Structure formats: C-alpha cells, structure tokens
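Colleague:
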Amino acid sequence: MSTSGRRIWVGVDAGKGHHWAVAVDADGEMLFSTKVINDEAQILTLIETARERADEVRWAVDISGRASTLLLALLVAHGQQVVYVPGRTVNRMSGAYKGEGKTDAKDARVIADQARMRRDFAPLDTPPELVSTLRLLTNYRADLIADRVRLINRLRDLLVGICPALERAFDYSAAKGPVVMLTEYQTPAVLRRIGVKRLTTWLERRKVRGAADVAAKAVEAAQSQQIALPGEKRAAKLVCDLALQLLALDERIKDNDREIRETFRTDDRAEIIESMPGMGPILGAEFIAIVGDLSGYRDAGRLASHAGLAPVARDSGRRTGNYHRPKRYNRRLRHIFYMAAQTAMMRPGPSRDYYLKKRAEGLLHTQALLSLSRRRIDVLWAMLRDKRLFTSAPPVTQAA
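In the working numbering, the protein residues as written are 55 to 454.
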C-alpha cells in the first residue's frame with residue numbers, strides 16, 4: 055500500500071553484520087519490517103524502498119558508533135534526517151509492548167515509534183575527518199592503556215611466585231628501569247650472582263635512569279630470599295616475555311600519543327584549549343573527539359549535563375530543591391574534566407584558589423574537584439565561544 059505524500063518513520067536496530075529496519079506511519083501502523091545486510095547496495099535499496107512509501111522519511115538508529123558508520127554515511131549523503139535513540143530508552147520502552155520476547159524486529163519497531171512520538175532526540179550527522187581521526191586514535195589509546203594494565207598485573211602476579219620482595223621493590227607501572235632488568239634477570243639467585251656493580255653496568259649500557267638505585271634495590275630484594283620456589287624457571291621465562299611485551303607496548307603508546315598531538319594541533323581550537331591549565335593535548339583531543347564542533351550543545355549547562363556535572367532535580371509534593379547525581383552521562387567526558395581540574399589544582403592560580411575555597415566550605419576532596427570541574431566548563435565554553443586564550447585575570451566587562 056502506498057503512502058505517498060505522507061511522513062513515515064524508519065527505526066533501525068543496528069548491528070555489525072546486519073541491521074533490522076521497521077517503518078511506521080503517523081498512526082503507528084507498521085509498513086514494512088526487513089533485515090538489511092551491512093552492505094552499501096542493500097542499504098541503498100532500503101533507502102529507495104522507504105522513499106517510495108512516502109515523500110518524507112525520518113530515520114532513527116540506536117547506535118552511533120562504528121557499527122552504524124556506513125548506514126549513517128549513506129543516509130546523510132542522500133539527504134535523510136537521522137536521530138539517535140539511546141539504547142537505554144529502547145530497553146525501557148520495550149516493556150510497554152506486547153510480549154516478553156526480545157528480537158531485532160521488536161527493537162526496531164520501538165525505535166521507530168519513539169522517533170515518531172518524541173521530538174527531543176539528538177540529530178546525527180557524519181563527523182568531520184579530524185573528529186573521526188581523533189576518535190579512532192583516542193579509542194585505540196584507551197585499548198593500549200587497558201592492555202598495559204593487564205600486562206603489568208600479570209607480570210606482578212608471576213613475580214610474587216618467584217620473589218615477593220622483588221615484586222614489592224618497584225612500581226613497574228611508572229618506572230622503565232625495573233622492566234628492562236626483568237628482560238634478563240628475574241630470579242633471586244641470578245640477581246645475587248651478578249651483584250650490584252655488574253648489574254649497574256648492564257643497566258647503564260641500556261640507558262636506564264638511576265641504574266645504581268635499581269640495581270641496589272633488586273639485589274637487596276634477592277638477598278632476602280634464599281629458597282627457590284616451585285615453578286621458578288618457567289615463571290622466569292614468562293616474566294621475561296611479559297617484560298618485552300610491556301616495553302614494546304610502551305613504544306606503541308608513545309607513537310600513538312605523538313600522532314594524537316600532531317592531529318589535535320591541526321584544529322583551530324587547539325591553542326585555546328591547551329591554554330587552559332590542566333588541558334594538555336591528550337585530554338584536549340579526547341574532548342574534541344567527544345563533543346565535535348559543539349553544535350549539539352546550546353550552552354555550557356548542556357555540556358556540563360552531558361559530563362554528569364549538573365545535578366538533576368528529584369522533587370515530589372512538598373519536597374523541593376532536592377538534587378542528586380545524574381545516572382545518564384558520558385563517563386569519559388566527566389573523566390576529562392576531572393583529571394584536568396586535578397592537574398590545575400596542584401599549581402598556584404584561580405583553579406587552586408577555587409578548590410581551597412570549596413575545601414574551606416567543608417567539601418571533601420572529590421566534591422571540591424567536581425565543583426571545580428563544573429566551574430571550568432563555563433570558562434572553557436566562554437573561551438571557545440569568544441575565541442580567546444586563557445588568562446588568570448578575569449576579562450574587563452565593557453559598557454554596552
């Protein structure tokens with residue numbers, strides 16, 4: 055049945071291998087429900103099918119990540135309007151529909167109905183090349199950091215089975231020298247045999263900073279244990295392998311950080327963002343990767359709400375002025391502002407003064423940092439709006 059001249063809504067339950075699309079009209083009647091392979095030809099066929107049913111087609115998806123990149127690119131290229139329906143909304147509204155089962159077709163129907171009934175969903179567009187590149191690089195960096203944490207935990211666990219004193223002697227996550235040492239010397243017997251002097255010389259040849267201190271601590275830990283633990287030889291080989299992997303991973307992280315800095319500084323806003331205390335190139339790149347060109351935020355309050363730094367009202371009856379911490383926000387964006395505030399608070403300046411003021415008012419350390427983060431969002435927003443660098447002194451207000 056043709057619905058030419060009318061408006062329809064198409065909800066797409068996106069996936070890596072395939073999508074499921076359901077179209078509904080203004081009365082909520084389903085027009086079609088179909089499975090679409092995540093392929094350009096089939097997605098174009100879906101777009102043409104929807105266009106044939108109505109003059110105006112509104113699209114809605116529940117994923118805005120890599121799985122729906124091809125779908126969104128084709129929709130935007132063909133002038134289609136797309137909105138983002140959060141998966142949390144789809145999950146909660148599914149309970150209002152008939153049946154307890156969960157299928158892709160049902161989720162797509164819920165997405166289409168929500169887009170039809172609500173007008174407050176955020177529109178989607180393909181991000182600029184710079185933003186897409188920064189998203190890839192920052193996400194890849196997060197994966198590398200997670201891999202590094204896993205390697206260090208496995209390394210320390212194996213060292214406890216060889217020599218607990220050697221595991222306690224160093225912070226392997228912060229110092230490169232002990233990791234270099236573990237590529238060759240892992241057991242107490244070997245460390246006692248080589249001694250402090252020869253181990254220092256060996257480390258200095260590999261350009262380890264503080265080689266003498268590393269050698270002294272390692273040999274001292276080895277001398278505190280004379281017994282060889284079961285499985286020590288095999289564990290030592292695994293520790294050597296993990297240490298080599300950790301050193302190679304550190305080089306990959308260093309190269310990735312360099313690429314992030316170079317890419318971030320090609321943005322016109324990079325100098326403004328970096329001028330703010332605590333906002334280095336890595337945090338600045340993650341900020342741009344999340345917020346894009348800031349067109350989706352009407353004011354600083356919306357940005358603070360997305361970061362979970364704006365309290366949410368919970369009033370009922372006579373209970374008014376009751377605010378609580380939001381549950382739905384971007385955890386990564388909140389982490390960016392929190393880390394930037396923590397770095398800025400350590401140095402003399404307006405950020406430290408504001409932090410000390412909040413501590414004097416009785417706030418805990420975390421509460422004071424969150425309050426400072428909220429204040430800094432207003433400052434950063436004004437800087438980007440006015441295209442001005444950060445200055446310690448407040449700008450002079452001019453008469454209209």
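Positions of the beta carbon are idealized from the N, C-alpha and C atoms, including for glycine. Small disclaimer: the values here were computed from a predicted structure and weren't measured.
What do you reckon, are the CB atoms on L129 and I101 nearer than 8 Å?
Modeller: To locate residue 129, count along the sequence shown from 1; it is residue 75. To locate residue 101, count along the sequence shown from 1; it is residue 47. A contact, by the Cβ cut-off of 8 Å.
Colleague: What beta strand (DSSP E) runs, 3 residues minimum, are completely inside the region 85-131?
Modeller: 110-115
Colleague: Please state the DSSP three-state secondary structure of A75.
Modeller: For the purposes of this step, residue 75 is taken as the residue at position 21 of the sequence shown. Strand, per DSSP.
Colleague: Would you tell me roughly how many angstroms separate the C-alpha atoms of A270 and V250, rounded to the nearest one?
Modeller: The sequence position of residue 270 within the sequence shown is 216, counting from 1. The sequence position of residue 250 within the sequence shown is 196, counting from 1. If you take the alpha carbons of A270 and V250, they lie about 6 Å apart.
Colleague: Could you tell me whether any non-hydrogen atom of the ligand MG is closer than 7 Å to the CB of K156?
Modeller: Of ligands this structure carries none, so the ligand MG is not represented either.
Colleague: State the start and end residues of the unbroken alpha helix (DSSP H) segment that holds Q396.
Modeller: To locate residue 396, count along the sequence shown from 1; it is residue 342. Q396 -> alpha helix (DSSP H) spans 385-399.
Colleague: Among all the DSSP beta bridges, which residues are the ones paired with G65?
Modeller: Here residue 65 corresponds to residue number 11 of the sequence shown, with the count starting at 1. DSSP output for G65 lists V76, A114 as bridge partner(s).
Colleague: Secondary structure at S370, three-state DSSP: helix, strand or coil?
Modeller: Reading the sequence shown from its first residue, position 316 is the one you call residue 370. In this structure, S370 counts as strand in the three-state DSSP scheme.
Colleague: CA-CA distance, A339 and S122?
Modeller: Within the sequence shown, residue 339 is the residue found at index 285, counting from 1. Within the sequence shown, residue 122 is the residue found at index 68, counting from 1. Approximately 23 Å between the Cα atoms of the pair.
Colleague: Buried or exposed: which applies to A77, given that a residue is buried once 16 or more other Cβ atoms fall within 10 Å of its Cβ?
Modeller: Stepping through the sequence shown from its first residue, residue 77 is reached at position 23. A77 is buried by the Cβ-count criterion.
Colleague: Might you give, ordered along the chain, the residues of its own chain that have their beta carbon closer than 7 Å to the beta carbon of R142, omitting 5 neighbours on each side?
Modeller: Counting from one through the sequence shown, the residue named residue 142 turns up at place 88. Result list for R142: R382, in chain order.
Colleague: In whole angstroms, give me the CA-to-CA distance for L296 and A272.
Modeller: Counting from one through the sequence shown, the residue named residue 296 turns up at place 242. Counting from one through the sequence shown, the residue named residue 272 turns up at place 218. Approximately 18 Å between the Cα atoms of the pair.
Colleague: What are the residues that DSSP puts in a beta bridge with P177?
Modeller: Along the sequence shown, read from residue 1 onward, the residue named residue 177 stands at position 123. DSSP, once it has assigned bridges, lists V137 as partnering P177.
Colleague: Mind checking L191: buried by the 16 CB within 10 Å criterion, or exposed?
Modeller: For this step, residue 191 is matched to residue 137 along the sequence shown. Looking at its Cβ environment, which holds 16 or more other Cβ atoms inside 10 Å, L191 is buried.
Colleague: Buried or exposed: I362, going by 16 or more other Cβ atoms within 10 Å of its Cβ?
Modeller: To locate residue 362, count along the sequence shown from 1; it is residue 308. The question names Ile, yet the displayed sequence has Gly at residue 362. Buried, since its Cβ has 16 or more Cβ neighbours within 10 Å.
Colleague: Report the rounded CA-to-CA distance for R414 versus Q421, giving the unit in angstroms.
Modeller: One-based indexing of the sequence shown puts residue 414 at position 360. One-based indexing of the sequence shown puts residue 421 at position 367. In the sequence as presented, Arg is not what sits at residue 414; that position holds Ala. Computed Cα separation, rounded: 12 Å.
Colleague: Residues bridged to H378 by DSSP?
Modeller: On the sequence shown, position 324 is the one that residue 378 refers to. V366.
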